[in-house]
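*Asks:*
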Amino acid sequence: MEYNYRHQATQHLLYSMANLGQVRKHGPRIIVRGHDCYVWDIDGKRYIDGFAGLQLTNVGHGRKEIADAVTRQMGEIEYWHLFAGFCNLPAVKLSSKLADLAPGNLQVTHFVNSGSEAADSAFKIARQYQRKRGFAQKYKIIYRNRAYHGMTMGATSAAGDKAFRAYHEPLVPGFIRIPNNHCYRCHFGLSYPMCDLQCARVLETTILEEGPETVAAFIADPVQGSTGGYIPPVPEYIPMVREICRKYNVLYIDDEVITGFGRTGKMFGIEHWQQAPDIMIVAKGLSSGYLPVGAVIMTSEIADTLQDEAFLHGMTYGGHPACAAAALANLEIVERESLPARAARMQGYVMERLRSMLDYSIVGEVRGIGMMYALEIVRDKSSKESFAQASARIVEIAAEKGLILRVGSMGGSVLMCPPLIMTEELADEMLDIVSETISEVSRELGML
Ligand code: PLP
0 MEYNYRHQAT QHLLYSMANL GQVRKHGPRI IVRGHDCYVW DIDGKRYIDG
50 FAGLQLTNVG HGRKEIADAV TRQMGEIEYW HLFAGFCNLP AVKLSSKLAD
100 LAPGNLQVTH FVNSGSEAAD SAFKIARQYQ RKRGFAQKYK IIYRNRAYHG
150 MTMGATSAAG DKAFRAYHEP LVPGFIRIPN NHCYRCHFGL SYPMCDLQCA
200 RVLETTILEE GPETVAAFIA DPVQGSTGGY IPPVPEYIPM VREICRKYNV
250 LYIDDEVITG FGRTGKMFGI EHWQQAPDIM IVAKGLSSGY LPVGAVIMTS
300 EIADTLQDEA FLHGMTYGGH PACAAAALAN LEIVERESLP ARAARMQGYV
350 MERLRSMLDY SIVGEVRGIG MMYALEIVRD KSSKESFAQA SARIVEIAAE
400 KGLILRVGSM GGSVLMCPPL IMTEELADEM LDIVSETISE VSRELGML
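Everything in the sequence shown is counted per numbering that gives the first Met the number 0, starting at 0 for the first residue and increasing by one.
1) From residue 239 to residue 196, what distance separates their C-alpha atoms?
2) Considering only the alpha carbon of each residue, which of 370, 352, 380 and 371 lies closest to residue 364?
3) Is it true that the CB of residue 271 sits closer than 8 angstroms to the CB of residue 453?
4) Leaving aside the five residues before and after residue 273 along the sequence, list all residues of the same chain whose C-beta is less than 7 angstroms from its C-beta, in chain order.
5) Considering only the alpha carbon of each residue, which of 258, 28 and 1 lies closest to residue 12?
6) Verify whether the separation of the beta carbon atoms of residue 397 and residue 369 is less than 8 angstroms.
7) Which partner residues of residue 217 appear in the DSSP bridge assignment?
8) List, from N- to C-terminal side, the beta strand (DSSP E) runs of 3 residues or more that fit wholly inside the stretch 148-225.
9) Taking only three categories from DSSP, how would you classify residue 336?
10) As a quick check of your reading: which residues have a C-beta less than 5 angstroms from at least one non-hydrogen atom of the ligand PLP, in chain order?
11) Give a yes or no on whether the C-beta atoms belonging to residue 215 and residue 161 are separated by under 8 angstroms.
12) Provide the residue(s) that pair with residue 281 in DSSP beta bridges, ordered along the chain.
13) Looking at C-alpha atoms only, which residue of 156, 177, 175 and 178 is the closest neighbour of residue 168?
14) Any heavy atom of the ligand SAH within a distance shorter than 7 angstroms of the CB on residue 138?
15) Helix, strand or coil, according to DSSP, for residue 106 in the structure here?
16) Short check: CB of residue 286 to CB of residue 244, under 8 angstroms?
17) Beta strand (DSSP E) containing residue 371: first to last residue?
18) Rounding to the nearest angstrom, what Cα-Cα distance links residue 358 and residue 36 in this structure?
19) Just to confirm before moving on: does the CB-CB distance between residue 294 and residue 109 stay below 8 angstroms?
20) Under 6 angstroms Cβ to Cβ from residue 103, same chain only, skipping five residues before and after it: list those, please.
21) Who are the near neighbours of residue 38 in its chain, counting only those whose CB is closer than 6 angstroms to its CB and skipping five residues on each side?
22) Starting from residue 33 and walking both ways along the beta strand (DSSP E), at which residues does that stretch end?
23) Put residue 37 into one of helix, strand or coil per three-state DSSP.
24) For residue 164 and residue 74, what's the separation of their Cα atoms in angstroms?
25) Can you tell me whether DSSP reads residue 367 as helix, strand or coil?
26) Specify the secondary structure class of residue 402 as computed by DSSP and reduced to three states.
27) Taking the straight line between their C-alpha atoms, what separation do you get for residue 455 and residue 32?
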């Protein structure tokens, strides 16, 4: 077969989060190679990967030891499953490793293939657990405005952006949305700390309104992810929502799909607030994307309750030995190179430079923790009106300059989420491009 990649890439691929007109106009960017914090496209153009693929290549591209671990495992046995009492060695080792790393009493892992599958599995596990404990009516799942937990039907039902839900209704019943915790755009029109954390208290009022006997679980990511635009919470928020869940026997599902494995400067984001959930979902940084693997990590009590009869849930590829081997090799690098501590060190350095970008009239807020950073792009600092056109241009021009960034899915923010191995020198280069680009876009839009 003859390949004309550029043409075929507009004929035979259905892209996510892009329309075909855009893909055709700019041409698909066909990435063919990667090393450390760089990737190269089919024309040989080099980019700084400022978004770690899709917020996941934490150990950087091209780590041979992960490829070698996968090859070795494929040489032993390429596939074996975790159904009907069978298992495989890498899955056992990885589940033990996760039990070791995870906070609190999270001791048992159910493997899946992605963050979305992990979210859906967590919802099913929460409902099943509550039902098996005799709380037959506890089925509702509370999620937050602007949340993103994935694209499967359950995860879509917990999507905080209505654009993600609109075409797919009716969604799964029993999903209840509450405001999120973004101080810059406070839902209650209040200011911290005078607000007395209404964004956390609304969880309690919602549980009471719905009836505590009907609520199974609350799902939140410790730093709200790409749809929200990387929102680190104020110090009281996570402890408060955690406590509210405990009070009403509502399971706390902690989505660490982006924040897990060092991204925020701790192994897991929730550890910043000395909390532990009942259920944690992970994916992305678990394998740094070298192979697809996701997981639901839960307390032994939840797992034991589910397993007093056959647990009727699972995926053919859940716990795939090659994927588990990739994850194990990846975690070895994360620990050996102390990547969580590295991310914590980078935070101060990068945030200081980002704060200087507040001088641009279109930068309304800068946020960040560890190595995830967001610039809130606004048309006007006093009205805080989102300026999606400017965010999109910043990402477009940065790519022309050789830096890959992303627009937060709701358009208002520009996100940076580089590999955790990025040096200060390269971070400087990245931030120079960001600054130049904002300046250019401001001029282009008459905002300078
Ligand atoms: N949860 C969060 C916080 C995410 O950011 C994502 C993906 O970006 C998901 C869940 C879904 O993960 P996946 O794309 O692997 O299905």
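Ideal placement from N, C-alpha and C gives every residue a C-beta, glycine not left out.
*Replies:* Answer, in terms of the structure:
1) 9 angstroms
2) Nearest to residue 364 by alpha-carbon distance, out of 370, 352, 380 and 371, is 380.
3) Within the shown structure, residues of the chain are numbered from 0 to 447, placing residue 453 beyond reach of any answer.
4) none
5) 28
6) no
7) 141 and 251, per the DSSP bridge assignment.
8) 174-177 and 214-219
9) coil
10) 113, 114, 115, 148, 149, 220, 224, 254, 256, 257 and 282
11) no
12) 294
13) 156
14) The ligand SAH is not among the ligands present in this structure, which contains only the ligand PLP.
15) strand
16) no
17) 371-379
18) 28 angstroms
19) yes
20) In its chain, beyond the 5 residues on either side, 275 have a beta carbon closer than 6 angstroms to the beta carbon of residue 103.
21) 30, 46 and 48
22) 30-34
23) strand
24) Between residue 164 and residue 74, the C-alpha separation is close to 43 angstroms.
25) strand
26) DSSP, read as helix, strand or coil, puts residue 402 in strand.
27) Outside the shown range of the chain (0 to 447) lies residue 455, about which nothing can therefore be said.
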